[in-house]
Amino acid sequence: MPKRTDIHKILIIGAGPIIISQGCEFDYSGTQACKALKEEGYEVVLINSNPATIMTDPDMADRTYIEPVTPETVAKIVERERPCAILPTLGGQTGLNTAIQVAEMGILEKYGVEMIGASIPSIRKAEDRDLFRQAMHKIGLRIPRSGIATDMDQCRSIAADIGFPIIIRPSFTLGGTGGGVAYNAEDLDMIAKAGLDASMITQVMLEESVLGWKEYELEVMRDHNDNVVIICSIENLDPMGVHTGDSITVAPAQTLTDKEYQRMRNAAIAILREIGVDTGGSNVQFAIHPDTGEMIVVEMNPRVSRSSALASKATGYPIAKIAAKLAVGYTLDEIPNDITGETMASFEPTIDYCVVKIPRWTFEKFPETQDYLTTAMKSVGETMSIGRTFKEALQKGLRSLEIGRYGIGGDGKDPAAAPTRGEIEQHLATPNSKRIFYLRHALQRGMDIRSIYELTRIDPWFLDQIRQIVDMEQAIAESGNEISQSLLREAKATGFSDIQIASLTGSSEHAVKNRRRAQGVLPVYKLVDTCAAEFQAATPYYYSTYETENEARVSDRKKVMILGGGPNRIGQGIEFDYCCVHASFALREEGIESIMVNSNPETVSTDYDTSDKLYFEPLTREDVLHIVETEKPFGVIVQFGGQTPLNLSTPLFKAGVPILGTQPESIDRAEDRKLFQAMLHKLGLIQPENGTATSVAEAVAVAETIGYPVVVRPSYVLGGRAMKIVYDPSELESFTLLAIAASPDHPVLIDKFLEDAIEVDVDAISDGTATIIGGIMEHIEEAGIHSGDSACVLPPYSLKPEILEEITRATKAMAAELNVIGLMNVQYAVKNDSLFVLEVNPRASRTIPFVSKATGVPLAKLATKIMLGKTLKALGLITEKVPSHISVKEAVMPFNRFPDVDTLLGPEMKSTGEVMGIDEDLGSAYAKAQLGAGQNIPLDGTVFISVKDRDKPGALIVARQLYEIGFALMTTRGTGLYFENNGIPSRVVNKVSVGRPHVVDAIMNREIQLILNTGFGNETKRDGYHLRRAAIKYNIPYTTTLAGALALAKAIAAMKQKDLSVKSLQEY
Amino acid sequence: MKKAILALEDGRTFDCRCFTGSGESGGEAVFNTSMTGYQEVLTDPSYRGQVVTMTYPLVGNYGVNPEDVESDRIQVSAFVVREYQDFPSNFRSKGTLADYLKGQHVMGIDGLDTRALTLHLRNSGAMRVFISTEDPDPLSCVEKAKGLPSMIGLDLASVVSTRLPYRWMQNEIFPIENPARALTSNIWKHRSRLRSVVAFDFGMKYNILRCLEHSGCEVVVVPAATTADTIRAMAPDGIFLSNGPGDPEPVDYAVQTIRELLGYRPIFGICLGIQILGLAMGGKTYKLKFGHRGANQPVKNLKTGRIEITSQNHGFAVDIATLNPDDAEITHVNLNDRTLEGFRHRTLPAFAVQYHPEASPGPQDAQYLFDEFTRLMAGR
Ligand SMILES: Nc1ncnc2c1ncn2[C@@H]1O[C@H](COP(=O)(O)OP(=O)(O)O)[C@@H](O)[C@H]1O
Ligand SMILES: Nc1ncnc2c1ncn2[C@@H]1O[C@H](COP(=O)(O)OP(=O)(O)O)[C@@H](O)[C@H]1O
Ligand SMILES: [Mg+2]
Ligand SMILES: [Mg+2]
């Protein structure tokens, strides 16, 4: 059946901000859907609050609403746009949930809007545990036995008949907090209690445990003619009990016979039919008993998912694109397979390589949380790697992780002292982010596969693969640097990097490479073609491996290579992928061949049709140089992918690779403290007093001279990693040690900490002669809170014109001095009307997408063209563009995923994503940003205020404002007294440390609707901590800064005054 | 592991390793794109005389077991993979692939760029290959490859077909002694309950028999050369034509028999079976460039418009153009290359498919065909 002509306007719901378990894979799927529907001639309306997405680029949809992804907003958009249909299956769980709520509001009937892709009943059937159980029962499939409990007695009786261990899943909590595994009655009492009060409706589900079973996923597609195909099978290396998102996973399934695979395939198809997903992609998870083969259904997601993005990249089959086309009526046999060009989408991809996905965690940023993995996802990103053997793919994946490792071991980065048997067993038995490395330690210590299996339940097949890697490591080490050609070849085919081989043979990376060259041990590039070479592939999507035949088709066109950002992690996320994608688009516009290199499967940059060529490879010097040597590009772009490629610029430059745009030595001048200072001095700019130290003693000395408080941090790390504000020498000492550990070969930087300063972020673009300010962003939170974590406003709302002029002048002067060609980002602090330079990044920054959307100037694209020799003038960018409307960026925090971390913000970045709020006034724009970030804003009720003395005057202003618009006040004693003396009445409540009933009780009793709490002095730190955790748990809006509170008060006032309206990007 | 040379008749050679000891072997080089089911592939009689390369690089992962066999022996001449896995892990595994191959003196080869080999076969077509651990000279290996018999004109069906007729019950074979007397209408034990089916064995896969039994048939398997008179003497409810290796044309005796039996009883053919039925109905067959071998071939059922993901293994096909439209109705086509996947006789009770509804290995989307066969018999 051809596409539907009875609908012409379709609303796509995006996934909103990047959060743990909902990453940029939904920008990838959403972007594909927008493109697919537009190319079919449909009018596409889009809602997504995430400005860093490609899908929210003005030309991706006909109407783009950067508004909070909430039912209310969607309702408003529906009313305004009157779409014929809503497509809810591409925006992750957020998209799905929002769609359901919109339906429940009766909006669909009211405006005659049809839900396409998945019907409400089918979504419910898949999401509601009970309906799902009934459905599975109907088709003779088993799911874990379970029961719903609302009090401890029920918990105990359910546990009694299910038995231990038992999985506890609280209903309706954020990110599965309060859930866990109980191994005995005691655990049960503890965890179930926690679960019950973590749950907003005091309800938990207790589920039969299948811990240690093998976990599998199938990606399935169905069209409305009931044609079903399986796109990919995925086997988890980590067994049931570790969330798939936290598991190392492999495609295709490795340890299933055809009989077992077909059984699973039939089950998946039966499930899609029974649930009634009439069109699109779904993901079905299974558990298989390792000894009996018994099969259990874990869950099914009636939408595209993280795994479908992975499956698309692993096979070359564009699930989201096809899903969108199926949703508008096509059948699988009517949609061509772009990769082969000659065949249709109605087939099952078959692959002739092995794909490994490895999660990227950031436990180092949350020292208070234990590094262990369970049924709730904790990773913030992932890498994918492709090899012709599992061993090759695994090691490529590990060196793609950006954790300073170059393989599973023997890379010179192993712990100095080999871990003890005890440490090893402990790290094997409790899943954690380092377990894969401990598998190697265990084998090297002579533990046998059987006993490792007993501890980990990782399938022996995988353990044996790692054993083979360990054996190879041994062989390499023994061969010494007279390593033979055949062993060298084998080592490379086993995924060993030159750095590993060098450190194992006591040689250097350079020497190993030369030796390989001399012996002709070089990689070849093979195609990802969906069909294992049965048909000619049309799209050049490559991976490297060590075999004989090279399939890279090198054109003689002028080509430019773009280095991507690698795995998402806190501090380096989707924003950088956005810039890389724009670079690629710009190259296309300039008629230059674009070559993308990246290892992140969630991204748009790794979509096969984003660039002319895609190399799915690790972003290490070795891997990148190989591609350069094959493609011989005219130049390489390193300033868009964040710190990862930036750190490669010097090595590549030294290897003779032409770097486009700002040159490495300029990058060094900005990153190297001494050079940087010299430059500022030359330009008559000031920075906070500072010094560097390579030892604790030096550090203390420096601090003495510039005076406390100081900011300590290592150089060359993005995202304020290992960075802290210290108030006294003892803190300084302990921290300096940490900092040195985080980045040994770089000095520790010590700055005077500017208290109560306003932070400003500036993005600029320069062609070497002229510089244009892309945008000046005034932070809401004061300096001291990482730029990535603080809300910011464009244009600035309180800075004096003179300061703005000075900022502009300083920025242009630095751009000229560094002869920046392309983008540059500067962070300033403004204190008592003087301007301090905090840092300069001669590269695309996290805020480029935000600025581009706020001003409508596609900075990344323009910068690309400038790097190719165009001038700003030629590109028509001659004056700054300062929009009349207000844009607010707010950061989104992962605290609900890390139950025990404090939510106080600081100089170390912790946010995973951001949202944008646009409106005519600050209050409304800020309100939208808060709503978009998932913060519910109360319009009345009680506000709890408790602040440190320094903040009391400021808090008074907030209190008065809220009081005047009808809020009741609750305070702790000190704050209450201060308010009373200033004529503001408030009800005083105990701090937790004082005794009950205390503020947390009040929160539990729903007596508090809003919280303002600035960090106490250390003595009552715990108080603030309990308070802030309770706020998270009960989802009560809170702010930990005065500035934030003031803005929030503005927002509330604005919302009380008028209902928030919606307006599309195209209309601004 | 011993070094080996894999030499193609057109002169292309690959250095590789033998993971089953040493030896020499040869045949027609073909590739299979299924990612699972290597044991079923090894034992599929349709692979007789062929050197099979799996495109999925890691093979041996789940070992071998006694259940997943499609005939009583390994049928391939040699088995070629990228990286043999000698540490099987699966709850049903009873041993390693290497021992299994060794046990039946079949060469296992790995350590070569199997994707390069596959691309070569895709571009130049299936061709003869010679593999040796003994002859270190590539050129002489190429000569030996050239010396091998070609598939075309070779009657392999008679080679793999059963010598004695047999009954199939619950996965077991019960040979029928002195067929001359035994093959009469009295041979059926369950006429009342089950459909009596005579199955011509041109290289029968066990799973076909399992499927027939599953859909209510009592099956007696007879040699490829069994005559029409014998069949009539048995007075079955239906006649089944099995899959099998190689070129259908030299199997002219069976073509003749089926021509005689057309219309006598409902006929159902699979793979080589459709080719024999096609020839019997006056059609022609031809050799595909490199054939269809895999578990992901999309086939459109023209009656329902539905797509079946099918398991396939054939190098020859019936030429649609040569079928007389008055007799033959095309029922299935391949969505990749539009080749013939199924037809039925317009007036007589006979139908056949080119692909493998019994799957094994592969998707089971098309098992409904066995029930169509029983329905056809019932409708008689
Ligand atoms: N009954 C169970 N026993 C053991 N582990 C389980 C069980 N159910 C789920 N898990 C683990 O928890 C993870 C998350 O569960 P899942 O139902 O997939 O929720 P989500 O919607 O977060 O993906 C799974 O990937 C699996 O590893
Ligand atoms: N001297 C200082 N005084 C006040 N705040 C500072 C100072 N130095 C850094 N900060 C705060 O720390 C944050 C991170 O520092 P920055 O130099 O930007 O590191 P990163 O490379 O992580 O962006 C800044 O956004 C700012 O809020
Ligand atoms: Mg899941
Ligand atoms: Mg910064």
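Same order as they appear, the protein sequences are chains L and R.
Convert by adding 36 to the 1-based position in the first sequence; the result is the number in the numbering used here.
Convert by adding 13 to the 1-based position in the second sequence; the result is the number in the numbering used here.
Each residue gets a CB set at the ideal place from its N, CA and C atoms; glycine is no exception.
Fair warning: this is a prediction, and the values are worked out from it, not measured in the lab.
Heavy atoms of ligand 3 versus C-beta positions, residues under 6 Å
The set of residues with any CB-heavy atom separation to ligand 3 below 6 Å comprises, in chain order, T280/L, Q321/L, E335/L.
With a threshold of 8 Å, are at least 3 pairs of Cβ atoms found where one atom belongs to the stretch 166–182 of chain L and the other to the stretch 77–85 of chain L?
No, because fewer than three Cβ pairs between the stretch 166–182 of chain L and the stretch 77–85 of chain L fall closer than 8 Å, the two stretches do not touch.
Is M48/R close to chain L, meaning its C-beta is less than 8 Å from at least one C-beta of that chain?
Closer than 8 Å: yes.
Closer than 7 Å to a non-hydrogen atom of ligand 1 - does that hold for the CB of M813/L?
Relative to the non-hydrogen atoms of ligand 1, the Cβ of M813/L never comes closer than 7 Å to any of them.
Buried versus exposed, by CB contacts within 10 Å (16 or more), K250/L:
Around the beta-carbon of K250/L, 16 or more other beta-carbon atoms lie within 10 Å, marking it buried.
First and last residue of the beta strand (DSSP E) that includes W181/R?
Counting along the chain, the beta strand (DSSP E) containing W181/R begins and ends at 179–182.
Residues of its chain near E769/L, where Cβ-Cβ distance is below 8 Å and the 5 sequence neighbours each way are ignored:
Excluding residues within five positions, the ones whose Cβ falls inside 8 Å are V732, A735, V736.
H44/L burial status per 10 Å Cβ neighbour count (16 or more: buried):
That one is exposed.
Based on DSSP bridge pairs, tell me the residues matched to P395/L.
P395/L is bridged to E418/L.
Is A910/L helix, strand or coil when you go by DSSP?
When DSSP states are grouped into helix, strand and coil, A910/L belongs to the coil group.
Examine the Cβ distances between the stretch 588–605 of chain L and the stretch 435–449 of chain L and report whether three or more of them are shorter than 8 Å.
The stretch 588–605 of chain L is in contact with the stretch 435–449 of chain L.
Inside the stretch 1021–1103 of chain L only - beta strand (DSSP E) runs reaching at least 3 residues:
Fully enclosed beta strand (DSSP E) runs of no fewer than 3 residues occupy 1046–1049 of the stretch 1021–1103 of chain L, in order along the chain.
In whole angstroms, give me the CA-to-CA distance for L774/L and H815/L.
Cα to Cα, L774/L sits roughly 29 Å from H815/L.
Backbone secondary structure at D126/R - three-state DSSP
Assignment of D126/R by DSSP, reduced to helix, strand and coil, places it in the coil class.
Closer than 6 Å by C-beta to S641/L: which residues in its own chain qualify, once you throw out the five before and the five after it? Chain order, please.
Exclusion of the five residues before and after S641/L leaves G600, D613, C616, V617, M632, N634 as the residues of its chain whose Cβ lies within less than 6 Å of its Cβ.
Relative to chain R, which residues along the stretch 382–405 of chain L have a C-beta separation below 8 Å, given in chain order?
If the cut-off is 8 Å between Cβ atoms, the stretch 382–405 of chain L has S382, F383, E384, P385, T386, I387, D388, Y389, C390 near chain R.
So what's G216/L in DSSP terms, helix, strand or just coil?
Note: G216/L maps to strand in three-state DSSP.
K157/R burial status per 10 Å Cβ neighbour count (16 or more: buried)
So K157/R ends up on the buried side.
Who are the near neighbours of L840/L in its chain, counting only those whose CB is closer than 8 Å to its CB and skipping five residues on each side?
Within the same chain, Cβ atoms closer than 8 Å to the Cβ of L840/L are found at I812, P832, the five residues on either side in sequence being excluded.
Just checking G743/L against ligand 2 - is the residue's beta carbon closer than 7 Å to any of the ligand's heavy atoms?
With a cutoff of 7 Å, G743/L does not count as near ligand 2, since its C-beta is closer than that to no heavy atom of the ligand.
Using a C-beta cutoff of 8 Å, does F100/R count as contacting chain L?
At least one CB of chain L lies nearer than 8 Å to the CB of F100/R.
Run down chain L in chain order and give the residues with a C-beta less than 8 Å from the C-beta of F356/R.
Identification of chain L residues near F356/R by a Cβ-Cβ cut-off of 8 Å yields none; the smallest Cβ-Cβ distance measures about 20 Å.
Alpha carbon to alpha carbon, how far is G259/R from K159/R? Give it in angstroms, no decimals.
Cα atoms of K159/R and G259/R: separation of roughly 18 Å, rounded to the nearest angstrom.
Kindly say whether E585/L, judged by its beta-carbon, lies nearer than 8 Å to any beta-carbon of chain R.
Nearest CB-CB separation between E585/L and chain R: below the 8 Å threshold.
Use the C-beta contact count for M48/R: other C-beta atoms within 10 angstroms, 16 or more gives buried, fewer gives exposed.
Result: buried.
Just checking V340/L against ligand 1 - is the residue's beta carbon closer than 7 Å to any of the ligand's heavy atoms?
No - ligand 1 has no heavy atom lying nearer than 7 Å to the Cβ of V340/L.
Give every residue of the same chain whose Cβ lies closer than 6 Å to the Cβ of P687/L, excluding the five residues on either side of it in the sequence, and list them in chain order.
R657, listed in sequence order.
Closer than 9 Å by beta-carbon distance: list the chain L residues that pair up with D395/R, in chain order.
Chain R is shown from 14 up to 393; residue 395/R falls before or after that span and cannot be answered.
Would you tell me roughly how many angstroms separate the C-alpha atoms of S15/R and P370/R, rounded to the nearest one?
Note on identity: in this sequence residue 15/R is Lys, with Ser being the wrong assignment. Taking the straight line joining both Cα atoms gives about 39 Å.
Answer yes or no: does any C-beta atom of chain L fall closer than 8 Å to that of R204/R?
No, its Cβ sits nowhere closer than 8 Å to a Cβ of chain L.
So, with DSSP's three-state summary, where would you put G756/L?
Only weak support exists for where G756/L lies, its pLDDT of 48 falling under 50; the value from the coordinates is given anyway. DSSP, reduced to helix, strand and coil, places G756/L outside both helices and strands of the structure shown, so it counts as coil.
Going along the chain, which residues of its own chain have a beta-carbon closer than 7 Å to the beta-carbon of G755/L, five neighbours each way excluded?
Note on G755/L: pLDDT 47, under 50, position unreliable in the model; the coordinate value appears next. Here the set comprises I606, G607, Q608, G824, M945.
Residues of the stretch 60–78 of chain R with Cβ closer than 8 Å to any Cβ of chain L, in chain order
Within the stretch 60–78 of chain R, the residues whose Cβ lies closer than 8 Å to some Cβ of chain L are T68, Y69, P70, L71, N74, Y75, N78, listed in chain order.
List in chain order: all unbroken beta strand (DSSP E) runs of 3+ residues lying wholly within the stretch 84–110 of chain R.
If one requires a minimum length of 3 residues, the beta strand (DSSP E) runs lying completely within the stretch 84–110 of chain R are 91–93, in chain order.
Limits of the beta strand (DSSP E) - the one that L47/L falls within
In the DSSP assignment, L47/L falls within the beta strand (DSSP E) that extends over 45–49.
For T285/L, does the count of other Cβ atoms within 10 angstroms reach 16, so buried, or fall short, so exposed?
T285/L is buried by the Cβ-count criterion.
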